[in-house]
Amino acid sequence: MRVAVICTDKPDHIEVRKANREAHLSYLKDTGVVEQAGPFLNADGVMCGSLLILEVADMAAAQAWADADPYAKAGLFSAVRLEIWNKVI
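Each position in the sequence shown, counted from 1, maps to that position plus 10 in my numbering.
Take a look at the structure:
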């Protein structure tokens, strides 16, 4: 199943994002379940959140993946939402 992981950064946490970016990107590549990923940008073009599309067995696997993300472990996010997603195009 595909799951969208929608993350919102805590205000003024860009340095936390930058400090953990390499580990986060490695995690995305190494886990093998990420189909698409990228940051949200604010009006100034500064990263302020993330959108990821995972291909996983179930919601429990998606939640476990999201919990183990280095960004999540570093306390970057104020909110993380998981939604089952159906690819149409």
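Idealized CB from N, CA, C, for every residue including glycine.
Span of the alpha helix (DSSP H), counted from its first residue to its last, around alanine 29: 24 to 41
Anticipated Cβ contact below 8 Å, valine 44 with isoleucine 94, distance rounded: Their Cβ separation, rounded to whole angstroms, is 16 Å, which puts valine 44 and isoleucine 94 out of contact at 8 Å.
With 16 other Cβ atoms within 10 Å as the buried cut-off, status of alanine 67: exposed
Aspartate 19 (DSSP reduced to helix, strand or coil): strand
Alpha-carbon to alpha-carbon, alanine 33 and alanine 89: 20 Å
Span separating the alpha-carbon of alanine 78 from that of isoleucine 99: 29 Å
Pair within 8 Å by beta-carbon distance, glycine 59 and phenylalanine 50: yes
From Tyr81, Val15, Gln73, residue whose alpha carbon lies closest to that of alanine 29: Tyr81
Minimum C-alpha distance to glycine 48 - residue among Asn96, Asp54, Thr18: Thr18
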